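With this note's numbering, the residue at position 139 of the sequence shown is 701, and numbering never jumps.
Structure first, then comments.
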Amino acid sequence: MKNKIYNFFIIFLFFAFQTFIYADINYVNPKGMTIETRYNVPNGYKRVKVEKESFAEFLRNQKLKPYGEKALYYNGREKSNRGIYDSVIDVEIGKQNLHQCADAIMLLRAEYLYSKKEYSKINFHFTSGFEAKYSKWMEGYRISVKGKGAYVKKTNPSNTYKDFKNYMNVVFSYCGTLSLEKEMKLQSLDKMKIGDVFIKGGSPGHAVIIVDMAENEKGEKIFILAQSYMPAQQTQILINPNNKDLGVWYSLKGKDELITPEWDFSINQLRSF
Numbered sequence: 563m564k565n566k567i568y569n570f571f572i573i574f575l576f577f578a579f580q581t582f583i584y585a586d587i588n589y590v591n592p593k594g595m596t597i598e599t600r601y602n603v604p605n606g607y608k609r610v611k612v613e614k615e616s617f618a619e620f621l622r623n624q625k626l627k628p629y630g631e632k633a634l635y636y637n638g639r640e641k642s643n644r645g646i647y648d649s650v651i652d653v654e655i656g657k658q659n660l661h662q663c664a665d666a667i668m669l670l671r672a673e674y675l676y677s678k679k680e681y682s683k684i685n686f687h688f689t690s691g692f693e694a695k696y697s698k699w700m701e702g703y704r705i706s707v708k709g710k711g712a713y714v715k716k717t718n719p720s721n722t723y724k725d726f727k728n729y730m731n732v733v734f735s736y737c738g739t740l741s742l743e744k745e746m747k748l749q750s751l752d753k754m755k756i757g758d759v760f761i762k763g764g765s766p767g768h769a770v771i772i773v774d775m776a777e778n779e780k781g782e783k784i785f786i787l788a789q790s791y792m793p794a795q796q797t798q799i800l801i802n803p804n805n806k807d808l809g810v811w812y813s814l815k816g817k818d819e820l821i822t823p824e825w826d827f828s829i830n831q832l833r834s835f
């Protein structure tokens with residue numbers, strides 16, 4: 563009897579080890595430090611082509627923390643990665659509760675535009691409806707939040723990265739899923755692309771962003787999602803909770819719902835910048 567148990571245990575360990583090695587070789591490259599270099603595509607798929615210096619390329623090349631490091635909350639505590647995320651985007655979120663789900667997505671979009679020096683395109687609507695323009699912030703205007711909001715001349719013109727981050731902290735304070743959902747355009751699944759967002763505005767609401775995508779010869783798409791959450795935390799690459807064989811890749815083939823580890827979305831909640 564003991565021999566049978568022992569043999570069973572050895573066989574179990576062998577197959578567990580093989581599964582681990584297979585997944586490691588075929589899906590994850592722990593030494594990769596960007597989304598593209600860390601995550602291989604499943605057999606039969608190829609990454610979609612993206613334009614050079616596009617938002618899609620920017621997202622695909624987001625720098626990741628070393629494999630195995632946990633996401634940190636704004637107060638420095640670690641978030642358990644059990645069944646939720648596989649990697650963490652290397653982003654500084656500060657020590658205030660100001661980098662939640664919509665905030666993380668707005669920061670990615672704004673960081674991209676800032677890197678391209680397209681400052682006039684960095685605009686976000688407060689929940690009140692007021693449009694916060696970074697171009698005005700650069701001119702030395704600050705925002706009074708009385709009523710719906712207004713610009714007030716406060717300082718000399720400046721465009722340092724610190725200025726940009728201070729502007730984004732104001733955006734984080736007065737924008738959210740409700741406002742972001744309203745200013746984004748509805749997107750159909752057949753036109754889904756890197757940079758699109760599944761979003762449900764509300765209190766609470768939630769949003770996740772597509773940071774990479776691949777497709778097969780039939781044109782069937784799979785994609786990788788990233789999110790922050792509540793309370794403020796570093797942005798994470800999500801695990802697919804319903805298909806462990808896909809790892810971090812998601813497929814909507816034959817589905818009318820997108821199920822993520824901490825939120826479920828309807829497929830008609832896809833929006834685009």
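We treat Cβ as the ideally placed atom computed from N, Cα and C, and that holds for glycine.
Model, not experiment: these values are computed from the prediction.
Give a yes or no on contact between the region 656-668 and the region 714-725, applying the rule of three or more CB pairs nearer than 8 Å. no
May I ask you to verify whether the region 589-609 touches the region 756-767, counting CB pairs closer than 8 Å and requiring at least 3? no
If we require 4 or more residues per run, which alpha helix (DSSP H) segments fall completely within the region 737-822? 739-745
Do Pro793 and Ile646 come within 7 Å of each other at the CB atom, strictly closer than that value? Position 84 of the sequence shown, counted from the start, is the residue given in the question as residue 646. Position 231 of the sequence shown, counted from the start, is the residue given in the question as residue 793. Going by C-beta atoms, Ile646 is not nearer than 7 Å to Pro793.
Answer with buried or exposed for Val707, where buried requires no fewer than 16 other C-beta atoms within 10 angstroms of its C-beta. Taking the sequence shown and counting its residues from 1, one reaches residue 707 at position 145. Exposed, since its Cβ has fewer than 16 Cβ neighbours within 10 Å.
Please name the residue in Gly781, Glu782, Leu787 and Glu779 whose C-alpha comes closest to that of Ile772. By one-based count along the sequence shown, residue 772 stands at place 210. Minimum Cα distance to Ile772 is reached at Leu787.
Beta-carbon proximity list for Lys683, same chain, < 7 Å, skipping 5 on both sides: The residue labelled residue 683 in the question sits at position 121 within the sequence shown. Taken in chain order, the residues that qualify are Leu675.
Name, in chain order, the residues that DSSP records as bridge partners for Tyr703. Residue numbering aside, residue 703 sits at position 141 when the sequence shown is read from its first letter. Paired residue(s): Lys715.
Taking the CB atoms as reference points, tell me whether Tyr891 and Asn659 lie closer together than 7 Å. Given that the chain is displayed from residue 563 to residue 835, the structure contains no residue 891 and the question cannot be resolved.
DSSP-derived helix/strand/coil call for Asp652: Locating residue 652 in the sequence shown gives position 90, counting from the first residue. DSSP places Asp652 in coil when its eight states are reduced to three.
Per the contact definition of three or more C-beta pairs closer than 8 Å, is the region 721-735 in contact with the region 811-819? no
Rank Gly691, Asn685 and Lys710 by C-alpha distance to the C-alpha of Trp699 and give the top, closest one. As a working mapping, residue 699 is identified with position 137 in the sequence shown. Checked all of Gly691, Asn685 and Lys710; the closest Cα to Trp699 is Asn685.
Once the 5 residues before and after Ile619 are set aside, which same chain residues still bring their CB inside 8 Å of it? Mapped onto the sequence shown, residue 619 falls at position 57. Inspection of the sequence shows that residue 619 is occupied by Glu rather than by Ile. Once the five neighbours on either side are set aside, the close Cβ partners of Glu619 are Val612 and Glu613.
Check this for me: beta carbons of Lys710 and Gly691, under 7 Å apart or not? In the sequence shown, residue 710 corresponds to position 148, counting from 1. In the sequence shown, residue 691 corresponds to position 129, counting from 1. The Cβ atoms of Lys710 and Gly691 sit closer than 7 Å to each other.
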